[in-house]
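J.: This note's numbering numbers the first residue of the sequence shown as 3 and each following residue consecutively. Each residue gets a CB set at the ideal place from its N, CA and C atoms; glycine is no exception. The model shown is predicted, which means the values in this text are computed figures rather than measured ones.
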Amino acid sequence: MTHDRAADPSRIRVLVADDEKLMRAGLRLMIDGTNGVSVVGEAADGAQAIDQVERLDPDVVLMDIRMPGTDGIEATRRLRQADVRAHVVVLTAFETDTFLLDALRAGAVSFLLKDSPPEQVVQAVHDAAQGESRFSPTVLQRLVRLAAEETPDRPVQELPGGPPGPAAADYSAYAPDGLTTREWEVARLVAQGLTNSDIGDALFLSLPTVKTHVAHLFEKLRVTNRVQLALKVLEIDGAS
């Protein structure tokens, strides 16, 4: 089998990293050849995953968390530091708050359970290949709430139609260095769990304009998804 990207540039190349051989085989059967997805390699631990990413240059890594030696979170962190092409989708049997936050902070773009439906895994692969995460506002608010609980002095409020989120945006607050006032407004609304459409309605902006601001925020704050952006807002607020 060739691993030459030029052989078929349209396919999504996936590396499966899991310490259980049967799990790797099952994932390969589940996604290989489905909707343009090709499994180009496997790894039994985080160190092998890093080596395989460097050798095979996949688009997406399906990464287990609990593996011997270098675990999935540390491997994800190292891949992000190496600035590789591959985006990481964490696929684990353990849905703990600590794993969830640590994986996303390390740079994973999605977090799925191993009993997720096959179509959900395939969709996550396609999303990750585009560098996209799909977090509902309620999931995002849950993650932000967890982060806020790590800093007890952080005030929280009840958001309409959802669980508690960070303190309401103060649009008169001075934007952090490097961000425009408008970008900071958008960042704070992202941290409250609002979608791009909701942000556009709140700030009277078009959807493409909101997407542009979010893209600038990702670049300026060096984050890869909306969860990391929300956590960064909390960190900046906590330091101010």
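Do three or more CB pairs link the region 23-33 to the region 71-91 at distances below 8 Å?
T.: Contact fails: fewer than three Cβ-Cβ distances are below 8 Å.
J.: So, using beta-carbon positions, are residue 131 and residue 14 closer together than 7 Å?
T.: Yes.
J.: In angstroms with no decimal places, state the Cα-to-Cα distance between residue 289 and residue 226.
T.: Lying before the first or after the last residue shown, residue 289 is absent from the chain, which here runs from 3 to 242.
J.: Below 8 Å, how does it come out for the region 39-57 and the region 94-104: are there three or more Cβ pairs, yes or no?
T.: With a cut-off of 8 Å, the region 94-104 and the region 39-57 do not count as touching, because too few Cβ pairs lie within range.
J.: In terms of alpha-carbon separation, which member of 217, 116, 205 lies closest to residue 25?
T.: Residue 116 is the option with its Cα nearest to residue 25.
J.: Work out the CA separation of residue 48 and residue 98 for me, nearest whole Å.
T.: About 20 Å.
J.: Entirely within the region 187-242 and at least 4 residues each: give me those alpha helix (DSSP H) ranges in chain order.
T.: With a minimum length of 4 residues, the continuous alpha helix (DSSP H) runs that stay inside the region 187-242 are 198-205, 209-223, 228-241.
J.: Pick helix, strand or coil for residue 181, following the three-state DSSP scheme.
T.: Reduced to three states, the DSSP call for residue 181 is coil.
J.: Mapping DSSP to helix, strand and coil, what is residue 113?
T.: Looking at residue 113 - three-state DSSP - the assignment turns out to be strand.
J.: Confirm, please, whether the CB-CB distance from residue 44 to residue 18 is below 7 Å.
T.: Contact flag set, yes.
J.: Does DSSP put residue 121 in a helix, a strand or coil?
T.: Residue 121 falls in the helix class under three-state DSSP.
J.: Judging by CA-CA distance, which residue of 51, 85, 61 is the nearest neighbour of residue 71?
T.: Nearest C-alpha to residue 71: 51.
J.: Check whether the Cβ atoms of residue 39 and residue 127 lie closer than 7 Å to each other.
T.: Result yes, Cβ atoms of residue 39 and residue 127 sit closer than 7 Å.
J.: Quick one: give me the first and last residue of the alpha helix (DSSP H) that residue 80 is part of.
T.: Where residue 80 is concerned, the enclosing alpha helix (DSSP H) stretches over 74-83.
J.: Rounded to whole angstroms, what's the CA-CA distance from residue 190 to residue 235? Just pull it up for me.
T.: Roughly 7 Å separates the two Cα atoms.
J.: Could you tell me which residues DSSP pairs with residue 43 in its beta bridges?
T.: DSSP output for residue 43 lists 17 as bridge partner(s).
J.: Quick one: using the 10 Å Cβ neighbour count with 16 as the cut-off for buried, is residue 95 buried or exposed?
T.: That one is exposed.
J.: Determine the direct distance from the alpha carbon of residue 183 to that of residue 120, and round the result to whole angstroms.
T.: Spanning the two alpha carbons is a distance of roughly 42 Å.
J.: Between residue 21 and residue 107, what straight-line distance do the alpha-carbon atoms span, to the nearest angstrom?
T.: So the alpha carbons of these two residues sit roughly 22 Å apart.
J.: Report the three-state DSSP secondary structure of residue 55 (helix, strand or coil).
T.: Residue state, collapsed to three classes: helix.
J.: Alpha carbon to alpha carbon, how far is residue 84 from residue 313? Give it in angstroms, no decimals.
T.: Coverage of the chain is limited to positions 3 through 242, which leaves residue 313 absent and any answer about it impossible.
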